[in-house]
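One structure below.
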Amino acid sequence: MINIFLPLKFFGENLMTPPAKPIAFVLGSTHHGTMILNRNDYNQTPDGSQYGVGWQLLNNSSFDQWEVSLVLDLLQSRRTHFGDGVVALDCGANIGVHAIEWARQMHEWGSVTAFEAQERIFYALAGNLAINNCLNARAVWSAIGESEGTIGVPQPDYNHPASYGSLEIRHHLGTEFIGQAIQYNETALTPTKMVSIDCLNLTRLDFMKIDIEGMEIEALRGGRKTLETCKPIILVEWIKSDLAELSRLLENMQYRLFKAHHNLLAIHETDPTYQSSTTFSSPHGQQIKPFRNPTQRPVFLMAPLSRIGLAVGAGIAQNCANLIAAIDDTPSILSIHGAPRWSSVQFLEQAKQYPDAIAIDFSASLQGSAWVARLCEETGTERCDWTVHSQVSDIG
């Protein structure tokens, strides 16, 4: 027998304490199953409120549960009318809340493909599908666009707070501030594959969610052939897109539109789901009403001098066919964004003359939001909150 003696110093050098590093991604027990999520996934707005996928999961154990439940009902409807083999695409899947829920419900009768453009978020998505045994789902690290190619994706610091799901790939004047400054110079971008829906060559597509932070119209253009052939139900976020162009694109393909919070629910006029019921109700009580493009209705701009109003209000005003007034109590200003300024008193006195009007709310504080809500309630004006999940960066 050979005895080998090693000095204690040998072990000490190899068992040194590793350098300290922060933990960003953690496991959470959520209503959607065990999930990998980032504890820093939140943005705190100036009024103190917070939002983000991770924040919702850590504080509520679920994410947009009413929306998830609505989609599950729609998937079941497609199975009822078209049989097993339901195919669903999750474009902008984040860490996979929707993909997990869809895959779980469609076990043995449907499949999910989930696309995520942020590499680190994609890792969590893939892990969440695996840990929840979603064997009828696959994750794809890719952006969705109008054509095939490569696109540069900015990289947040995942060790510091930000609403990562709100990250915009393309930078523009009103790019949302997600909680930290994002670098858009070319050297800071990660080259990432981009695919179009049409290049997937699908022979069946039943449902598609598109939540890709302002690139929704590009995705629809890149899927026109598939949409015309398969006529899937579509849930598309509109809050960072040109709503007039988005609705026009879908309506030109014979889709009927419904307002579902900050999404448009689009169902083809030939779909039995639409033909059997032209009104829909959310499983959690949210109202889902037939959509009518707000730019074609009488429009009031509410709190147009807020930070968000200054950033995007002028562009929205240009697309409004019937802009009535901008509501602000600053007496020295005669017009805002090309519309006559009305005081809140004038609005209360005259708004009822426009029963079909919509009030686009740009207020970015609890106080401002309460002010707009009160005015709309007293006049019976429909309020469209433009600030939900869309706080933008400072301009100038």
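Oh and the sequence shown: position 155 is 155 in my numbering, straight run, nothing missing. Even glycine gets a Cβ: it sits at the ideal position worked out from N, Cα and C.
- Annotation: residue 88 to residue 256 spans about 19 Å, alpha carbon to alpha carbon.
- Between the region 208 to 219 and the region 120 to 137, the count of Cβ pairs shorter than 8 Å is below three; the stretches do not touch.
- The region 175 to 188 makes no contact with the region 64 to 73: fewer than 3 CB pairs, one atom from each, lie closer than 8 Å.
- Taking a 10 Å sphere around the C-beta of residue 43, we find 16 or more other C-beta atoms and assign the residue as buried.
- The closest CA to that of residue 117, considering only 41, 100, 90 and 250, is found on 90.
- The continuous alpha helix (DSSP H) containing residue 73 extends over residues 65 to 82.
- Taking C-beta atoms as the reference points, residue 68 and residue 98 count as a pair closer than 8 Å.
- DSSP, read as helix, strand or coil, puts residue 356 in coil.
- With 16 or more other CB atoms across the displayed protein chains lying within 10 angstroms of its CB, residue 372 is buried.
- With a cut-off of 8 Å on Cβ pairs, the region 306 to 321 is in contact with the region 351 to 368, counting three or more such pairs.
- For residue 151, the enclosing beta strand (DSSP E) stretches over residues 149 to 153.
- Counting C-beta atoms within 10 angstroms of its own C-beta, residue 16 has fewer than 16 neighbours from the protein chains shown and is therefore classed as exposed.
- The beta carbon of residue 193 sits closer than 6 Å to those of 142, all from its chain and outside the five residues before and after it, given in chain order.
- For the region 221 to 281, the continuous beta strand (DSSP E) assignments of 3+ residues that do not extend past its boundaries occur at 233 to 237, 255 to 260 and 263 to 268, in sequence order.
- Annotation: the continuous beta strand (DSSP E) that includes residue 324 extends over 322 to 327.
- Going by DSSP, residue 38 is part of the beta strand (DSSP E) stretching over 33 to 38.
- With respect to the 8 Å criterion, residue 125 and residue 95 are classified as neighbours on the basis of their beta carbons.
- Per DSSP, residue 205 lies in no beta strand (DSSP E) segment and is marked neither H nor E.
- Residue 122: member of the alpha helix (DSSP H) spanning 119 to 131, first to last residue.
- Put simply, of 121, 76, 146 and 122 the residue whose alpha carbon is nearest the alpha carbon of residue 104 is 76.
- The Cβ atoms of residue 74 and residue 233 sit closer than 8 Å to each other.
- DSSP places residue 116 inside the beta strand (DSSP E), whose first and last residues are 110 to 116.
- At the C-beta level, residue 158 and residue 40 come within 8 Å of one another.
- Contact between the region 213 to 221 and the region 165 to 172 is established, with three or more Cβ pairs separated by less than 8 Å.
- In the structure shown, residue 167 falls within a coil segment according to DSSP collapsed to helix, strand and coil.
- In the three-state scheme derived from DSSP, where H, G and I count as helix and E and B as strand, residue 376 is classed as helix.
- A Cβ-Cβ separation of about 14 Å leaves residue 84 out of contact with residue 102 under the 8 Å criterion.
- In the three-state DSSP reduction, residue 386 falls in the coil class, being neither helix nor strand.
- A straight-line Cα-Cα distance of about 20 Å links residue 120 and residue 149.
- Secondary structure note for residue 307: its alpha helix (DSSP H) is the uninterrupted segment 307 to 318.
- The C-beta separation of residue 147 from residue 223 comes to about 11 Å, leaving the pair out of contact by the 8 Å criterion.
- For residue 183, the secondary structure class from DSSP, reduced to helix, strand or coil, is coil.
- According to the DSSP assignment, residue 103 belongs to the alpha helix (DSSP H) that extends over 97 to 105.
- Between the region 312 to 330 and the region 253 to 272, the count of C-beta pairs closer than 8 Å stays below three; the two stretches do not touch.
- Counted as a single uninterrupted DSSP element, the beta strand (DSSP E) harbouring residue 300 occupies residues 298 to 302.
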